[in-house]
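Worksheet: one structure, shown below.
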Amino acid sequence: MINIDGVNQFPGRVLHSHEFRGADEFVGLNLLIIGGSISAEDIASECYKFGAQSVIISSRQEPIGYTWPAKIKTAPILVRMEGRQAHFKDGSSVDNIGAIIFCTGYRHYYPFMAKRFRLHCDVGEIIPPSLYKSISWID
45 MINIDGVNQF
55 PGRVLHSHEF
65 RGADEFVGLN
75 LLIIGGSISA
85 EDIASECYKF
95 GAQSVIISSR
105 QEPIGYTWPA
115 KIKTAPILVR
125 MEGRQAHFKD
135 GSSVDNIGAI
145 IFCTGYRHYY
155 PFMAKRFRLH
165 CDVGEIIPPS
175 LYKSISWID
């Protein structure tokens, strides 16, 4: 996870998307999601559907331009947390954050596999080039 001032002192739940198991624990909460790609969008949508009070997607990139439901908002990258208050790069802030989910990517590292079977993806690449139709390995 990325290091953001005040997150270690945040009184609510903080997790990475790989720990996310379901939206039921976020019902009624104001949820802050850090990241702007597929995991962030999926988790935001699921938490909204299951009854999160609100969802804020904070990303260093421009928003994807999707028209979100009223309870899902986008924000610039988070720069610090003060208790339950989130402060963003543009100077705006949001109070009463109940949980933070980092959707900041994954490292594909499998040292126990023979080198020829390991995934070889460049940064930002989702599907290894050697997978035919994202399923079958072509050697």
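All the letters of the sequence shown, read from the start, carry residue numbers 45 to 183 under this note's numbering.
Yeah, the Cβ is synthetic: ideal placement off N, Cα and C, and Gly gets one too.
Bear in mind that the values here come from a model prediction, so they are computed numbers and not experimental data.
**Request:** Pick out the complete beta strand (DSSP E) segments inside the region 78 to 137, 3 residues or longer, and give them in chain order.
**Result:** 98 to 102, 116 to 119, 122 to 126, 129 to 132
**Residue closest to SER102, alpha-carbon to alpha-carbon, out of GLY79, LYS93, TRP112, PHE94** = GLY79
**Asked** Taking C-alpha atoms, which residue in MET157, ILE144, ILE87, ILE182 lies nearest to PRO55?
**Response** ILE144
**Prompt:** Can you tell me the Cα-Cα spacing of VAL51 and MET157, whole angstroms?
**Reply:** 35 Å
**Request:** Compute the beta-carbon to beta-carbon distance between ILE77 and ALA84, rounded to the nearest angstrom, for a pair I have assumed lies under 8 Å.
**Result:** 5 Å
**Request:** Go ahead and pull the three-state DSSP assignment for PHE70.
**Result:** helix
**Request:** Could you pull out every residue in the same chain whose Cβ sits closer than 8 Å to the Cβ of PRO113, ignoring the five residues on either side in sequence?
**Result:** TYR92
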